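Mind the numbering: the sequence shown is residues 3 to 258 in the numbering used here, read in order. Using N, Cα and C, we set each Cβ at its ideal position, and we do this for glycine too. Predicted, not measured: the structure shown is a model, and the values here were computed from it.
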Amino acid sequence: MPQVDHMQKLTVPDEPEEVSKVAQSFNQLLARQHQAIQREKDFVANASHELKTPLAGILGHANLIRRHGEQHPEVVAKSLQYIDQEAQRMSQLVNELLLLEGHHSTALAPVDLTKEVQAEVASLKGTYRRDFITELAPHVTYEMTPGDFRSLAHNLLDNAAKYSPTDSSITVRLAKQDHQVVFTVADQGRGIAVENRQRIFERFYREDASHSSDVPGSGIGLAIVKTIIEKYHGKITVQANTPRGTIFTVCLPQQK
Ligand code: ADP
3 MPQVDHMQKL TVPDEPEEVS KVAQSFNQLL ARQHQAIQRE KDFVANASHE
53 LKTPLAGILG HANLIRRHGE QHPEVVAKSL QYIDQEAQRM SQLVNELLLL
103 EGHHSTALAP VDLTKEVQAE VASLKGTYRR DFITELAPHV TYEMTPGDFR
153 SLAHNLLDNA AKYSPTDSSI TVRLAKQDHQ VVFTVADQGR GIAVENRQRI
203 FERFYREDAS HSSDVPGSGI GLAIVKTIIE KYHGKITVQA NTPRGTIFTV
253 CLPQQK
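Take a look at the structure:
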């Protein structure tokens, strides 16, 4: 009988060959299982950490109001504003976590992607001083869960704006090419190092935390984008823009 060692792996015998193969497959399965469990653990640890920070802030300000609210009524409005803002951040984070874990509606309907992009750009124009240049084919439609494309566009466009300087331009394209839908967001921002271009899609990964800390975020936007794209069997690629910045390209395959 092959032995189970302290890593719970099976010892792979040289022969008979069949037993050797089964033991190898078993060990590979075990390793994959181990990685999946580790990812889940990291996810729970990261999610708790992300929620703890705003929660500590909320409790701190509630305490402040309780202790000083009567004598210094001016702290009340300020603290309430802070509590409101942090509670909203937590609520958004929880929604995003639920979306990542697949607890969202899956009913499909034809969605006008052109309209979704236009609405998202209009909304971000109110938040960021950037020059949004749009080249959108009219009425590009796709069968999707309503809300999915808006969420995808929001995360890519919000990042493009967040990680690029005031007054720089962001070019947004939407087209049908060879029956595929191609959506591109190109910015003139800080760019993404080649070695990090895969990692940015991991949950909670933020490139160079020290430099990113001046930019608000929790590192799950692109994980959401990837989850949505995979749901439709699409692809996303990242490349450098010239002379600076980043281009994200999303391709959604033709639907039957
Ligand atoms: P968040 O923006 O909340 O940190 P994301 O998952 O959306 O999280 O992005 C992960 C990381 O990828 C960001 O922290 C940032 O370092 C990098 N990144 C994403 N989009 C861009 C971009 N357009 N330009 C430069 N860096 C980006």
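Only residues of its own chain outside the window of five on either side were considered, and among them T168 and D169 have a CB closer than 7 Å to the CB of R131, listed in chain order. Contact between V227 and L158 holds, with the beta-carbon distance rounding to 6 Å and staying under 8 Å.
In this structure, DSSP gives D44 a helical state, which the three-state scheme calls helix. In this structure, L95 has its beta carbon at no less than 7 Å from each heavy atom of the ligand ADP. Short of 6 Å from the beta carbon of Y84, and not among the five residues preceding or following it, lie these beta carbons of its own chain, in chain order: H63.
Within the same chain, F134 come within 8 Å of K127 by CB-CB distance, once the 5 residues on both sides are set aside. Within the stretch 74–130, the beta strand (DSSP E) runs of at least 3 residues that lie entirely inside it are, in chain order, 111–114.
Contact between the stretch 54–72 and the stretch 86–97 is present: three or more C-beta pairs spanning the two stretches fall below 8 Å.
In terms of side-chain proximity, the C-beta atom of S153 is found no nearer than 7 Å to any non-hydrogen atom of the ligand ADP.
Going by DSSP, F151 is part of the alpha helix (DSSP H) stretching over D150 to K164. Following the DSSP letters along the chain, one finds E72 in no beta strand (DSSP E), marked with neither H nor E. In this structure, the C-beta of T248 approaches the ligand ADP to less than 7 Å from one of its heavy atoms. S22 carries a helical assignment under DSSP once its states are collapsed to helix, strand and coil. The beta carbons of Q190 and C253 sit about 23 Å from each other, so the pair does not count as a contact at 8 Å.
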